[in-house]
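Numbering (numbering that gives the first Met the number 0), first residue to last: 0 to 141.
For each residue, glycine too, the CB sits at the ideal point set by N, CA and C.
First comes the structure, then the notes that go with it.
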Amino acid sequence: MPLQWREQMSVNNLIIDQDHRYLLCLINTVELSLRHPESGDHLRIALEQLSQYAREHFDREERIQYAIKYSHYVEHKLAHQRLMERLVVLTERILTERDDGTLSSDPEELTQLLRDWLLDHVLKEDMKMKPHLSLHPANLLG
Ligand SMILES: [Fe+2]
Ligand SMILES: [Fe+2]
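In structure tokens:
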């Protein structure tokens, strides 16, 4: 089931919210590709796009944090690094299992891992920025 961004996920910054919305979309695309393994190499492409966009998003978010002098900047940056490492592991697991025909986990379960990967961070860590971001224009860029 595709998951859409909801207003409760907002951190009061349009650029960050838009990125989170798009990351959820990319995860929905990964789910579709998992459900349709016959459709060429869409799965690999979707996972690569997710990884590339996540990296861009983390950089953008860190620039915004820097601009507002966010006090948890350093630990948040480390959390982003760990998220990228976790995404590499998840991506390799999915593609390896796909390639050797042992993709035993069902698409729903694998997609849930990716949603948890994103939403645990957005709802717990990114949300802590909300009161700080609320003091600045919603279109603030880093
Ligand atoms: Fe984020
Ligand atoms: Fe973040």
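One question on the structure: do residue i and residue j come within less than 8 Å of each other, judged by their Cβ atoms?
{"i": "Arg-114", "j": "Leu-2", "result": "yes"}
{"i": "Met-83", "j": "Arg-59", "result": "no"}
{"i": "Met-0", "j": "Leu-122", "result": "no"}
{"i": "Pro-106", "j": "Leu-33", "result": "yes"}
{"i": "Asn-12", "j": "Leu-132", "result": "yes"}
{"i": "Leu-140", "j": "Ile-63", "result": "yes"}
{"i": "Leu-22", "j": "Leu-117", "result": "yes"}
{"i": "Leu-109", "j": "Ile-93", "result": "yes"}
{"i": "Glu-61", "j": "His-79", "result": "yes"}
{"i": "His-75", "j": "Asp-18", "result": "no"}
{"i": "Leu-25", "j": "Tyr-52", "result": "yes"}
**Three-pair Cβ contact test at 8 Å for the stretch 26 to 34 versus the stretch 45 to 60** = Counting C-beta pairs closer than 8 Å gives three or more between the stretch 26 to 34 and the stretch 45 to 60, which meets the contact rule.
**Request:** Answer yes if the stretch 128 to 136 comes into contact with the stretch 67 to 83, meaning at least three C-beta pairs across the two stretches below 8 Å, and no otherwise.
**Result:** They touch, by the three-pair rule.
**Check your reading: residues with Cβ closer than 5 Å to ligand 1 heavy atoms** = Output, sorted by chain position: Glu-60, Asp-125.
**Prompt:** Which runs of the alpha helix (DSSP H) spanning at least 4 residues fall entirely within the stretch 9 to 72, listed in chain order?
**Reply:** If only uninterrupted alpha helix (DSSP H) runs of at least 4 residues are considered, those enclosed by the stretch 9 to 72 are 13 to 34, 41 to 66.
**alpha helix (DSSP H) segments (min. 4 residues) lying fully within the stretch 86 to 133** = For the stretch 86 to 133, whole alpha helix (DSSP H) runs of length 4 or above, ordered along the chain, are 106 to 123, 129 to 132.
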